[in-house]
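Worksheet: one structure, shown below.
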Amino acid sequence: MGIHARLRATWKRAVQTARLCCGVPDYDAYVRHLREHHPERTVPSYAEFFRERQEARYKGGGGRCC
Amino acid sequence: MHSATVKPSPAAKILWVAIAIVGAWCLGVVALRRGEPINAIWLVAASLCVFLIGYRFYGKFIEHSVLRLDPTRAPPSVLRNDGLDYVPTDKWVVFGHHFAAIAGAGPLVGPVLAAQMGYLPGTMWILFGVVFAGAVQDFMILGLSLRRDGRSLGHMLREELGPVPGLVAMIGVLVLMMIVLAVLALVVVKALTHSPWGTFTVAATIPIALLMGAYLRWLRPGRILEVSVIGLALLLLSIWAGRFVAGSDTLGPIFDLDAKALAWWLIGYGFCASVLPVWLLLAPRDYLSTFLKIGTIALLALAIFLAAPMLQMPAVTRFIDGTGPVFQGNLFPFLFITIACGAVSGWHSIIASGTTPKLLANEGQARLVGYGGMLCEAFVAIMALVAAVSLHPGVYFAMNAPGALIGTTAEHAAQVISQWGFVVTPDALVQTAKDVGEQSILSRAGGAPTLAVGMAQLLHNIIPGEGMMAFWYHYAILFEALFILTTVDAGTRVGRFMIQEIAGLIHKPLQASESWAGNLLATAICVGLWGYFLYQGAVDPLGGINTLWPLFGIANQMLAAIALMLATVVVVKLKRERYVWVPGIPAIWLITCTLAAGYEKLVGPISFTAAADKYAAALAGGQMLAPAKTAAAMQQIVTNNRVDMAMTAIFMALVVAMTLFCLNALARAWRTNHPTAHEEPYVALAATQH
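Line by line, the protein sequences are chains A and B.
Be aware that the first sequence starts at 1185, since it is given in the working numbering, and climbs by one per residue.
Be aware that the second sequence starts at 90, since it is given in the working numbering, and climbs by one per residue.
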């Protein structure tokens, strides 16, 4: 793997971490999951996906630490 | 990676021996050097060595012998993969997420308060506590949840102990949450009292968040990083502008508020923030505070390494005898409940059985996330301690002792603190306040301002500049206030859902989260519960933190004791009795500490009972005791202390009840000669990969 590709992979992982910290899981993984297991469902756009996750994050349960 | 089966190489052996020797040497310097100040680097290096050894040896021992985690076993993320909640995720991504979820204000406040006893007691408790209790709790609860489809702590308690203990523990969690929210909100009140600069910058986060919310909703949906950079730029701008607002004759007084007014504003704000749609205010602030938190923790670490400050506080002060001004009570048990987060925090058991077990792609990664994540939090606690003890002790005590002891003028405070043996001049106190751009630094207990002054001095050492110290101080205040307020908003929402669920048992329609009546009512109840304790802290004669922090510590350690007891029961249920001491000893220690602290807060000279009686007797005699000026205020202080007595009694009763439930379950599991734990059946990871 070239240095460029490696940097891109690291950046992608950093973005993934940052988004997950805010309760937004990986969109690509979700789309892949839908295509593989639920081909009959429509794939939401990233904006729709984001909104749904944003609502879900504050629906109670766990929360965060003091 | 799974080197239990692989013999360590000679190089690895030499490396670990070297780490052990360096660690022992540094610890020796920290513990034994007396009379001359030592450098913070010793303390930091000793901690890092202890963490590495704990992670490599004790963590691994728990992984292989106690939990017997199995890398060939399919975790919940694989078995129930839904692409949303259950997703096999890269281990470093999970680590980042887990750390961001567990790192809160707790490890920044407790160690600062405990610094009144010197740096040694706090350091020792953080190091031993995290290796043998805190990280064990987080890791074991994560391990248990991994084997149970990622179930929550409450669910596991119900399953392994029965429905009644599960319900008792959940009531404990709800009450704990109200105390957490109140005490954290009080930290913000203490930091912002009569600080127009600080109040303006914190208030500015509201319009900034609204702007970010609108941007994320309509302009660039879901672009969290982008909008956070914009938000951060606006925040820094508001810190810069705060100086002029504070100096202005027209705007300054608007933001110059006393503790009571701030408490009311926070209560009102908490109500609005948790009723409004999340995308508008709560979520954008959450993003901003998450990134700011991680960034600032990294900045603090960098500052400590670069500035390498000398520790000015003695290793052990005279206040280990229980007469300390910041919190009352002897080293045992009060040190162990004052530093909760950072050494062992019950709240983590909720996170470790929340989203994290649903994301781990392999059981073999649980040690990194569970045990390692908690070690990182302990490191944050160590850094907070370093920031506090590298301050001049006179400044530290001036900031953290209540007004009832040191008065309200720099002259009087300097005189009292010098008598305690920490010689300081009034000029030094006035100059510190001036440096950070405040009118006064006296009696700002709560950790945030002390940490902010400490951080400001550290950062100022690295990046000097005229007026920069005031900027850094307000940056640190803003950073803590921002993520505390996010916790308060999110916690209020969670509390609201819990209350709505309970209300639903009485009147079904109230349960629907779309019901406006149910929503408003439950939010009002939730805000009312923590708001009561917040207001009580704002009018407390000893400054509030002094009273409420022990209550919070008792509650948090109570939850940790419950989590560790669950782990103990499960270890026996799995018929691994020879390892029962791993979660058992820390559980016994926490039960002892919470009950001892609870007892002292109920009976004796430092109890809530004594405080209530003192004010009641004065009231009966027609006297007024400061800070109360009216009979009604006196009566309120009496009532507040009585409520605190009741809370302490409730927590103690919860601990005792849970201990009995666990002993009962232990006895039954011990007699049974086959495993009875409720683990999900084994599925090979290889079998799921097609």
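For each residue, glycine too, the CB sits at the ideal point set by N, CA and C.
As the structure is a computational prediction, the values presented were derived from the model and not from experiment.
Residue i at chain B interface by Cβ criterion, 8 Å
i, result
"A:G1246", "For A:G1246, the predicted model reports a pLDDT of 46, less than 50, meaning its position is unreliable and no value from the coordinates is stated."
"A:E1224", "no"
"A:L1191", "no"
"A:E1239", "yes"
CA nearest to the CA of residue i, picked from the options
i, options, result
"B:T748", "B:P210, B:W678, B:V484", "B:W678"
"A:D1210", "B:H153, B:G172, B:F150, B:L132", "B:G172"
"B:L637", "B:G341, B:A534, B:A592", "B:A534"
"B:G359", "B:V277, B:S317, B:L324, B:P672", "B:V277"
"B:A473", "B:L156, B:L121, B:P398, B:A742", "B:P398"
"B:S507", "B:D524, B:G526, B:G492, B:A487", "B:A487"
"B:K664", "B:N762, B:V367, B:L370, B:E555", "B:N762"
"B:A258", "B:A644, B:R123, B:A390", "B:A644"
"B:L236", "B:Y771, B:A686, B:A109", "In the sequence as presented, Leu is not what sits at residue 236 of chain B; that position holds Arg. Measuring from the Cα of B:R236, the nearest candidate turns out to be B:Y771."
"A:E1224", "A:Y1230, A:V1215, A:E1232", "A:V1215"
"B:A432", "B:S136, B:I108, B:A129", "B:S136"
Min CB distance residue i to chain A below 8 Å
i, result
"B:R582", "yes"
"B:W368", "yes"
"B:D347", "no"
"B:T777", "no"
"B:N635", "no"
"B:L618", "no"
"B:F380", "yes"
"B:A372", "yes"
"B:Y358", "no"
"B:Y460", "no"
"B:Y771", "no"
"B:D524", "no"
"B:A100", "no"
"B:A579", "yes"
"B:H91", "Since pLDDT at B:H91 reaches only 47, below the 50 mark, its modelled position is unreliable, and the value read off the structure follows with that caveat. Cβ-Cβ to chain A under 8 Å: no for B:H91."
Element boundaries [alpha helix (DSSP H), containing residue i]
i, result
"B:M544", "537-551"
"B:L265", "252-281"
"B:R731", "720-760"
"A:T1201", "1187-1205"
"B:A611", "605-627"
"B:T427", "420-427"
"B:T385", "371-396"
"B:V291", "285-303"
"B:W329", "313-336"
"B:A707", "697-709"
"B:T681", "670-691"
"B:G223", "It is not in any alpha helix (DSSP H) - B:G223 carries neither H nor E in the DSSP assignment."
DSSP-derived helix/strand/coil call for residue i
i, result
"B:S92", "For B:S92, the predicted model reports a pLDDT of 44, less than 50, meaning its position is unreliable; a value from the coordinates is still stated below. In this structure, B:S92 counts as coil in the three-state DSSP scheme."
"A:Y1230", "helix"
"B:T765", "coil"
"B:L449", "strand"
"B:C115", "helix"
"B:T178", "strand"
"B:I645", "Ile is not the amino acid found at residue 645 of chain B; the sequence shown has Asn there. Reduced to three states, the DSSP call for B:N645 is helix."
"B:M402", "coil"
"B:I108", "helix"
"B:A773", "strand"
"B:N635", "helix"
"B:N489", "helix"
"A:R1216", "helix"
"B:R456", "helix"
"A:G1246", "Only weak support exists for where A:G1246 lies, its pLDDT of 46 falling under 50; the value from the coordinates is given anyway. It is coil, neither helix nor strand."
"B:R585", "helix"
"B:R162", "strand"
Residue-chain proximity (residue i, chain D), Cβ-Cβ < 8 Å
i, result
"B:I426", "This model lacks chain D altogether; the protein chains it does include are A and B."
| message | Give me the subset of the segment 224-248 of chain B whose CB atoms are less than 8 Å from a CB atom of chain A, sorted by chain position. | response | S241
| request: Return the residues of the segment 172-188 of chain B that lie within a Cβ-Cβ distance of less than 9 Å from chain A, sorted by chain order. | output: G172, L173, D174, V176, P177, T178, D179, W181, V182, V183, F184, G185, H186, F188
| said: At a CB distance below 7 Å, what residues from the segment 294-326 of chain B approach chain A? Give them in sequence order. | reply: P310, G311, I313, L314
| Using a Cβ cut-off of 9 Å, which residues of the segment 1198-1216 of chain A contact any Cβ in chain B, in chain order? | A1198, V1199, Q1200, T1201, A1202, R1203, L1204, C1205, C1206, G1207, V1208, P1209, D1210, Y1211, A1213, Y1214, V1215, R1216
| task | Taking only beta carbons into account, state which residues of the segment 147-172 of chain B come closer than 9 Å to chain A, listed in chain order. | result | N170, D171, G172
| Closer than 9 Å, Cβ to any Cβ of chain A: which residues of the segment 374-407 of chain B, in chain order? | D375, Y376, T379, F380, I383
| message | Taking beta-carbon pairs under 9 Å, can you tell me which members of the segment 640-655 of chain B lie near chain A? | response | F641, N645
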